[in-house]
Each structure stands twice: as C-alpha cells, then as structure tokens.
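Residues 0 to 205 in numbering that gives the first Met the number 0 are what the sequence shown lists, from first letter to last. Where a beta carbon is used, it is the ideal one built from N, C-alpha and C, also for glycine. These figures come from a predicted structure and were not determined experimentally.
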Amino acid sequence: MKDIVTLKGINGDVVLKIDPVAPFEDVLDRIRNLIESERNFFSKGFLSIDTQGRELSELEISKLESLFNGINVSFRINEGEKVFGGTFEQSQPSFFVVDHTVRSGQVVRYKGDIVILGNVNPDGVVESESDVYVYGVIKGKVTAGKRVVALGFQQQYLNINGIEVEAKTPEKSRKPYIIEIDTDKKVTIVPLDEREAKPVRRRKNG
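Structure, rendered in structure tokens:
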C-alpha cells in the first residue's frame, strides 16, 4: 500500500510529501505517527510540506498549524504555484527566502519578512504582514505590512499597511529604494544613498 505521507531530508531541508487525494484526516493521523517515530527529523524546527498539487482549505491549514505548533515546528506549504508560510510564536523564522524570480501566476504568502532573490514578474503576487525585500524589480503585485525594498518599482499594485501606493522608478534604474509609511501615515520613498525622504502619491480609489 502506498504511504500517504513521506518524510525525507533533501539538501539539508526536511520535506514532508502528502498524498494529493487521500482523506485529510488520514494524512493528519499519519503525520502524528511520524512525529512520534521520527522526532529527529523535526529537530531543526522548520520543514517544507509538498502537497503534490493538492489544494488545502483554510481549516486544513489551521489543523496543520495546531499539530506542528505542539512540537514548536514552523513550516511552509508548497501548493503547486502557491507558497504559504505557517509561523508560530514559540518557533518562527524571522524571514522567508524565495531563491528565484516570482513568475506570473505564482503566489508567495508569509507572515514574517519575505526576501525575493530575483524579480516579481507581472501577475506575480507577494504578500507579507511585515517587510518585503526584492533583489530585483517589482513588476507584479506586492502587499506588505511595514516597508518594501527593491531595486526597481514598475509594479501593477503596491499596498503598504493598508494604503495603496503609486511609486515608480525609471525603467532602467537599478537603484535600491525603500518605500515605507511613517508614524503620520505619510508614504515616503527613500533611496539608500540619499538621506532625504521624498513623499510619494497614494493611489486614488476608482
């Protein structure tokens, strides 16, 4: 009988693969058994879950969070073109690194800081409740809770702390900028090699 959950170490990372069609409660039971029998695999406090194309509901993700929170393990879920991060108060990486360009149709979502080692292409989506750092050009859609740093802003959509922002840099420019919101809710764009903050426009609704 095919094992509905497999646990492997791949290039120093712990990867948990789950069957794409097995009943989710059976998957949870198997993960509980693995936690009991293979505790050494969970000692790093972080793992990746490969759903093999299976889409998890919010309730199913919540059950995984509860399960791994009990052993102080954080995780990320690779769900086809989507990447979700699960974080917990007792054990959470301070940032999540994506070591490639975020392509059209891809979604990266994480509660902590997100670092993108590449561009965010048109129709690529990055969402964080904290900071977003892009070592490339933003051409897609980015939502952040605090600030966004990038080598270029040519975005389709930018939202920081609930405020939709217009901020474009010259197309050929590869100069790093920080866009953030100060205590007065004013949006500023700050080149890293300049000290003076420059106000930028909020996007008008409609």
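Quiz item: Can you tell which of Thr-50, Leu-63, Ser-56 and Leu-55 has the C-alpha that lies nearest to the C-alpha of Asn-77?
Solution: In the sequence shown, counting from the first residue as 1, residue 77 sits at position 78. Looking at the Cα atoms, Thr-50 is the closest of the given residues.
Practice problem: Give a yes or no on whether the C-beta atoms belonging to Gln-154 and Gly-139 are separated by under 9 Å. | Solution: Position 155 of the sequence shown, counted from the first residue, corresponds to residue 154. Position 140 of the sequence shown, counted from the first residue, corresponds to residue 139. It is a contact, given that the beta carbons lie within the stated cut-off.
Practice problem: In angstroms with no decimal places, state the Cα-to-Cα distance between Glu-126 and Arg-108. | Solution: Reading the sequence shown from its first residue, position 127 is the one you call residue 126. Reading the sequence shown from its first residue, position 109 is the one you call residue 108. Approximately 5 Å, taken between the alpha carbons.
Quiz item: Which residue from Gly-151, Asp-25 and Ile-178 puts its Cα closest to that of Thr-168?
Solution: Numbered from 1 along the sequence shown, position 169 holds the residue referred to as residue 168. The shortest Cα separation from Thr-168 among Gly-151, Asp-25 and Ile-178 belongs to Gly-151.
Quiz item: I think Val-131 touches Val-147, with their Cβ atoms under 8 Å apart; what is that distance to the nearest whole Å?
Solution: As a first step, residue 131 is located in the sequence shown; it is residue number 132 there, counting from the start. As a first step, residue 147 is located in the sequence shown; it is residue number 148 there, counting from the start. Indeed, because the Cβ distance is near 5 Å, the residues count as touching under 8 Å.
Self-check item: Residue burial classification, Phe-41 (beta-carbon count within 10 angstroms, cutoff 16)
Solution: If you number the sequence shown from 1, residue 41 lands on position 42. Result: buried.
Practice problem: Determine, using beta carbons only, whether Leu-66 and Arg-31 come nearer to each other than 9 Å. | Solution: Indexing the sequence shown from 1 puts residue 66 at position 67. Indexing the sequence shown from 1 puts residue 31 at position 32. Yes, they are a contact pair.
Practice problem: Enumerate in chain order the residues of its own chain whose CB-to-CB distance from Pro-19 is below 6 Å, with the five nearest sequence positions on each side excluded. | Solution: As a working note, residue 19 is residue 20 in the sequence shown. If we look at Pro-19 and ignore the five residues flanking it on each side, its Cβ neighbours are Gln-51, Gly-52 and Arg-53.
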